[in-house]
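What follows is a short report on a single structure.
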Amino acid sequence: MMWALICKPLVYCYIVGAAWLPAKHKLMHPIHVSTTNIEYNKQDSKLEIICTIFTDDFEAALVKDYHKKTDLSKADMHAAMDVLVKDYIISHLQIKTSAAAMQLNYVGFEINKEATDVYFESDKIPAFKKIDVNDSLLHDLFDDQINIIHITVNGVRKSEKLDYPDTKLSQVF
Numbered sequence: 000m001m002w003a004l005i006c007k008p009l010v011y012c013y014i015v016g017a018a019w020l021p022a023k024h025k026l027m028h029p030i031h032v033s034t035t036n037i038e039y040n041k042q043d044s045k046l047e048i049i050c051t052i053f054t055d056d057f058e059a060a061l062v063k064d065y066h067k068k069t070d071l072s073k074a075d076m077h078a079a080m081d082v083l084v085k086d087y088i089i090s091h092l093q094i095k096t097s098a099a100a101m102q103l104n105y106v107g108f109e110i111n112k113e114a115t116d117v118y119f120e121s122d123k124i125p126a127f128k129k130i131d132v133n134d135s136l137l138h139d140l141f142d143d144q145i146n147i148i149h150i151t152v153n154g155v156r157k158s159e160k161l162d163y164p165d166t167k168l169s170q171v172f
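Residue numbers are given in numbering that gives the first Met the number 0: position 64 of the sequence shown equals residue 63, and the series is strictly consecutive.
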């Protein structure tokens, strides 16, 4: 929890600070971090998932994995990028609330300043006490990757930081 309080302001400081620099002076961000927000929507009995990843890092990972030209910000490439974004996240993020991995249904992605938000939801699932997450986002690109996972169930939020090479997290609610 403490790390989430520290890291989020650092990420926003980078985004705001980098926006003021002239293009020729912009540097790569010094931290490699993603956040995954998982929230159980009790009314719909579904998990709602949002992965937030620095756009430049995400595009580099897509190029490395799929060897295709990527540009998440170009409207005319959005449909082609949907396929890559969906496949990448599904291959690097698994969530279980029972014995089997849950199928994540891709909703879409959007650019949010310097980051890309990717949206998924689960099929209807029964209430649960335990959730397991396997998150290896950008592990194939950076050996200093940090993945922060926030899980909210029935108004209770639990957060955890996974430092590369750690990928597994279990929470009980």
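In this text, a Cβ means the ideal position worked out from N, Cα and C, and glycines have one as well.
Which value, in whole angstroms, describes the spacing of the CA atoms of residue i and residue j?
i    : j    : result
T166 : M76  : 31 Å
T34  : K123 : 23 Å
N104 : E120 : 5 Å
A59  : K67  : 10 Å
D43  : V62  : 36 Å
D131 : S169 : 4 Å
D56  : G154 : 32 Å
I148 : D134 : 9 Å
D64  : L83  : 9 Å
K95  : F127 : 10 Å
V152 : K85  : 24 Å
F108 : Y87  : 12 Å
S97  : A74  : 38 Å
Round the Cβ separation of residue i and residue j to the nearest angstrom and send it over; I've been treating them as touching at under 8 Å.
i    : j    : result
Y163 : H138 : 6 Å
L136 : C50  : 7 Å
H91  : F53  : With 8 Å as the limit, H91 and F53 do not qualify as a contact, their Cβ atoms being about 15 Å apart.
H31  : D143 : 6 Å
I110 : S72  : 5 Å
Along the chain, where does the beta strand (DSSP E) that runs through residue i open and close?
i    : result
K129 : 129-134
L83  : Run containing L83: none in the beta strand (DSSP E); it sits in the alpha helix (DSSP H), 77-91.
L161 : 155-162
H149 : 145-152
Can you pull the DSSP bridge partners for residue i?
i    : result
D116 : T51, E109
T96  : Bridge partners of T96: none, in fact.
I37  : I48, I150
S169 : D131
Considering only residues of the same chain and omitting the five flanking positions on each side of residue i, which have a CB-CB separation below 6 Å?
i    : result
I48  : I37, F119
L26  : Residue placement at L26 cannot be trusted, given a pLDDT of 49 that sits under 50; what the coordinates show is reported in the next sentence. Same-chain partners within the cutoff: there are none.
K129 : V171
N146 : S33, D134, L136, L161
K41  : none
Less than 8 Å between C-beta atoms, sequence neighbours within five positions excluded: which residues of the same chain meet that for residue i?
i    : result
Q102 : S121, D122
D70  : E58, M76, M80
K45  : Y39, E120, S121, D122, K123, I124
R156 : H149, I150
A78  : none
For residue i, which residues of its own chain have a beta-carbon under 7 Å away from its beta-carbon, when the five flanking residues on both sides are left out?
i    : result
I89  : L103
V106 : Y118, F119, E120
Q93  : A100, N133
A114 : T51, I52, F53, T54
Is the beta carbon of residue i within less than 7 Å of some heavy atom of the ligand NAP?
i    : result
L136 : The model on display carries no ligand, and the ligand NAP is accordingly not part of it.
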